[in-house]
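Take a look at the structure below.
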Amino acid sequence: MDYLAYGWSVEEMCRQHPYLTYSEAHATMGYYFDHQEEIDQEIKQEWEQVQESIKESVPSPFYSRMKAKGLL
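Taking the numbering used here, I'd label the letters of the sequence shown as residues 3 to 74.
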């Protein structure tokens, strides 16, 4: 996800996530590129599910008060 979200290289991913080895990060990127269409579709579906859940959720009282005051 860091590659997609931030455009990070393998080296940058390993700097940001020190528990990853270079070989793990490279293997992960290789898997992503080999299955990119499928993975991108899964990410899109999950994003849409989250957005739908947000639409269906009841706003918190705090959010409602802030919106009523014109702060959101």
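All C-beta atoms, glycine included, are put in the ideal place defined by N, C-alpha and C.
When secondary structure is reduced to three states using DSSP, GLY32 falls in the helix class. Residues of the same chain with a CB within less than 8 angstroms of the CB of MET31, apart from the 5 flanking positions on each side, are TYR5, VAL12 in chain order. By the beta-carbon neighbour count (other beta carbons within 10 angstroms, threshold 16), MET15 is buried. The C-alpha of GLN51 lies about 10 angstroms from the C-alpha of LYS57. In this structure, the alpha-carbon of GLU26 lies about 11 angstroms from that of PRO20.
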